[in-house]
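Before any comments, here is the structure.
There are 2 protein chains.
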Amino acid sequence: MNTTKTINLNSRPVGKPQLTDFEFTTTEIPELKDGELLLRTTYVSVDPYLRGRMSDAKSYIAPFELHKPIESGSIAEVLESKDSNFSKGDYVSGSLAWKETQVAKAKDLMKVDPDKAALSAYLGILGMTGLTAYIGLTEIGKPKKGETLLVSGAAGAVGSVVGQIGKILGLRVVGIAGTDEKVAMLKSEFGFDAGINYNTTKQMSEAIAKACPDGVDVYFDNVGGEISEAVLFNINKFSRTINCGAISVYNNKELPKSISVQPFLIKKSASMQGFVIFDYVDQHPAGIKQLTEWLATEKLTYTETIREGFENIPQAFMDLFDGKNKGKMVVKL
Amino acid sequence: MNTTKTINLNSRPVGKPQLTDFEFTTTEIPELKDGELLLRTTYVSVDPYLRGRMSDAKSYIAPFELHKPIESGSIAEVLESKDSNFSKGDYVSGSLAWKETQVAKAKDLMKVDPDKAALSAYLGILGMTGLTAYIGLTEIGKPKKGETLLVSGAAGAVGSVVGQIGKILGLRVVGIAGTDEKVAMLKSEFGFDAGINYNTTKQMSEAIAKACPDGVDVYFDNVGGEISEAVLFNINKFSRTINCGAISVYNNKELPKSISVQPFLIKKSASMQGFVIFDYVDQHPAGIKQLTEWLATEKLTYTETIREGFENIPQAFMDLFDGKNKGKMVVKL
Numbered sequence: 001m002n003t004t005k006t007i008n009l010n011s012r013p014v015g016k017p018q019l020t021d022f023e024f025t026t027t028e029i030p031e032l033k034d035g036e037l038l039l040r041t042t043y044v045s046v047d048p049y050l051r052g053r054m055s056d057a058k059s060y061i062a063p064f065e066l067h068k069p070i071e072s073g074s075i076a077e078v079l080e081s082k083d084s085n086f087s088k089g090d091y092v093s094g095s096l097a098w099k100e101t102q103v104a105k106a107k108d109l110m111k112v113d114p115d116k117a118a119l120s121a122y123l124g125i126l127g128m129t130g131l132t133a134y135i136g137l138t139e140i141g142k143p144k145k146g147e148t149l150l151v152s153g154a155a156g157a158v159g160s161v162v163g164q165i166g167k168i169l170g171l172r173v174v175g176i177a178g179t180d181e182k183v184a185m186l187k188s189e190f191g192f193d194a195g196i197n198y199n200t201t202k203q204m205s206e207a208i209a210k211a212c213p214d215g216v217d218v219y220f221d222n223v224g225g226e227i228s229e230a231v232l233f234n235i236n237k238f239s240r241t242i243n244c245g246a247i248s249v250y251n252n253k254e255l256p257k258s259i260s261v262q263p264f265l266i267k268k269s270a271s272m273q274g275f276v277i278f279d280y281v282d283q284h285p286a287g288i289k290q291l292t293e294w295l296a297t298e299k300l301t302y303t304e305t306i307r308e309g310f311e312n313i314p315q316a317f318m319d320l321f322d323g324k325n326k327g328k329m330v331v332k333l
Numbered sequence: 001m002n003t004t005k006t007i008n009l010n011s012r013p014v015g016k017p018q019l020t021d022f023e024f025t026t027t028e029i030p031e032l033k034d035g036e037l038l039l040r041t042t043y044v045s046v047d048p049y050l051r052g053r054m055s056d057a058k059s060y061i062a063p064f065e066l067h068k069p070i071e072s073g074s075i076a077e078v079l080e081s082k083d084s085n086f087s088k089g090d091y092v093s094g095s096l097a098w099k100e101t102q103v104a105k106a107k108d109l110m111k112v113d114p115d116k117a118a119l120s121a122y123l124g125i126l127g128m129t130g131l132t133a134y135i136g137l138t139e140i141g142k143p144k145k146g147e148t149l150l151v152s153g154a155a156g157a158v159g160s161v162v163g164q165i166g167k168i169l170g171l172r173v174v175g176i177a178g179t180d181e182k183v184a185m186l187k188s189e190f191g192f193d194a195g196i197n198y199n200t201t202k203q204m205s206e207a208i209a210k211a212c213p214d215g216v217d218v219y220f221d222n223v224g225g226e227i228s229e230a231v232l233f234n235i236n237k238f239s240r241t242i243n244c245g246a247i248s249v250y251n252n253k254e255l256p257k258s259i260s261v262q263p264f265l266i267k268k269s270a271s272m273q274g275f276v277i278f279d280y281v282d283q284h285p286a287g288i289k290q291l292t293e294w295l296a297t298e299k300l301t302y303t304e305t306i307r308e309g310f311e312n313i314p315q316a317f318m319d320l321f322d323g324k325n326k327g328k329m330v331v332k333l
């Protein structure tokens, strides 16, 4: 029987994930059955939300099991097919285990076309990342032309797409990121109207007021924590906050504390809403169609950080929490 | 020229309002002009939201001016009318100054019928209080039959009505209040399914879990602070929180801190929304109609705390923050 390199969850991270939380092992590849595909992984997506699945707290998806493979969005090449919809040489996307080679059910996978877009794009702008940006902004943010959109984690995978869609929809778009280089990129690459470097800004609340002279109507929040506290002082009447991520607190060992949001929400008749792309599965096809069209007509662009090598997947994941990625982080095998 | 006793804002409260923040004075009553009414105040409503207007921070309504009269919802008798829609002896409701006698524009006032309901009811269940409960619960809470509704400040003016409407709409209703007597009243008077005394409960989060075995779908929040922190651990997927009040923190001198809500909202695709009845003026007539009908058919009942005497208005207001009221607090002149 053949075997494959595999990465398991070795221990549940306490605070920041460590390399020792991951277990490199070799597992057997089972026989291929009807309706299954033998796959060689080509790209693996690493995403902040995986941190949640590494804890055993109840969340919107089940936690990973200890000493079982971690899984995430991946692209793979079909080596062998026992399903009539797929042939050898096809590329597929789906949630796959962190294994070099594996058997998976065909029905859980989607064929992707390497001639229409780079394979890695199907993990980013044409995948969960792009959908999160598009559906989160439009469904929860309900932006109206001329309003001001503020994006935290703006240079990240989701944030950079949110900002661009904001511009397509006719909004003033301001982004918050962690280095001057990223802030410059927000404007030069993604068309943001203004950017704020939270690492070099002492008075975030005032900086936001300056960059958003008409206040904040829609806040697309990827980070939570202190940055989101500063935003509270700048929200407009009837503002909408999309709580998409809280990467700044995912590794906290204790429950993070912040300025109470309730008085601000009441003063401004404002809303905050948690957003998870998995709740909107019926809107994914229309979303992908729109994103593909914008990408083809060059209204959207994307940046990705590509790491190489199966063994570097855990480090790439850990680097997300230090902001070492620009745009979508993927690992090429 | 005639004069009237008047209560001004003497100083902006720091923390809890003090008697010295109020200024008892005598002011002149101007000549009555066309379109105006001369009024004798009969009932004055004291409400937690007035605390916000005593600070000079921007909020959803303008702050009170120093050394100018405070105003709040009131009922008054028409002593003299220069408006064709009103006659001597009519009773009106509207936002009036804390004065025994005053001149006001007829167009800002609504006639109320002392035969249909007690006059004080027009400040409570048939006024802003009832509307806040009804419109907040239905518009923001969007409750569905069989869901669980949790109400904080449940024995208060708004909370006690929220709970009753919840029962009319077929929800399981749980209330949080501050004394055993109030908790008993939630069940005996207002039909709540269960109640929690936050002053004698050590583990609020566990107590809520016990009282809401299916979790919390709708949280009508009048208090904010620690109680609302405990609720976060019990919200269901897609839960809705109506942020109607945050009385527990209104008197804080510094910005209150709480457990960060963002990770909870994300985990549960949950929403929080600030609610102010003034945003829904177009829905007030329909709301009053519904409330009047429920009151007439005895589906709704109400409790009020009536204080007496013009000079006791400030103390009645201050007592709200110590939970000394049951239901709506009004002052009878």
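Protein chains in written order, with full-length UniProt numbering: chain A, 1 to 333; chain B, 1 to 333.
Quick reminder that beta carbons are idealized off the backbone N, C-alpha and C, glycines included.
Interface flag, residue i vs chain B, CB-CB below 8 Å
i: N243/A; result: yes
i: G224/A; result: yes
Rounded Cβ spacing between residue i and residue j (contact assumed at less than 8 Å)
i: Y134/B; j: L295/B; result: Between L295/B and Y134/B the Cβ distance is about 11 Å, and since that is not below 8 Å, they are no contact.
i: S93/A; j: I75/A; result: 5 Å
i: V223/B; j: S248/B; result: 5 Å
i: M318/A; j: P63/A; result: That pair is no contact at about 18 Å.
i: F72/B; j: S55/B; result: Going by the sequence as given, residue 72/B is Ser instead of Phe. Not quite, the Cβ-Cβ distance comes to about 16 Å (not below 8 Å), so this is no contact.
i: L39/A; j: Q102/A; result: 6 Å
Identity of the residues DSSP links to residue i by a beta bridge
i: R53/A; result: For R53/A, which the question treats as bridged, DSSP gives no partner whatsoever.
i: D221/A; result: N243/A
i: A177/A; result: N197/A
i: E23/A; result: N8/A
i: Y302/B; result: According to DSSP, which records beta bridges pairwise, Y302/B is partnered with nothing at all.
i: K257/B; result: I259/A
i: K332/B; result: Y43/B, E308/B
i: P69/B; result: N8/B
i: Y91/B; result: E77/B, V112/B
i: S271/A; result: R240/A, Q273/B
Within chain A, the residues that residue i reaches when beta carbons sit closer than 7 Å
i: V249/B; result: S260, P263
i: D217/B; result: In chain order: nothing, as chain A lies at least about 15 Å away.
Where residue i falls: helix, strand or coil (DSSP)
i: P314/B; result: helix
i: D214/B; result: coil
i: residue 391/A; result: Lying outside 1 to 333, the shown extent of chain A, residue 391/A is not represented and no answer is given.
i: E226/B; result: helix
i: A97/B; result: strand
i: S248/B; result: coil
i: G327/B; result: strand
i: S160/A; result: helix
i: P114/B; result: coil
i: I61/B; result: coil
i: F278/A; result: helix
i: Q283/A; result: helix
i: L150/A; result: strand
i: A104/B; result: strand
i: I29/B; result: coil
i: L38/B; result: strand
i: I235/A; result: strand
i: T3/B; result: strand
Interface flag, residue i vs chain A, CB-CB below 8 Å
i: D221/B; result: yes
i: K257/B; result: yes
i: A246/B; result: yes
i: S152/B; result: no
Listed by chain order, chain B residues near residue i by CB distance under 9 Å
i: D279/A; result: K237, F238, S269
Contacts that residue i makes with chain B (C-beta to C-beta distance below 7 Å)
i: S228/A; result: Q262
is_contact[residue i, chain E] using C-beta, thresh 8 Å
i: V223/B; result: You won't find chain E in this structure, because its protein chains are A and B.
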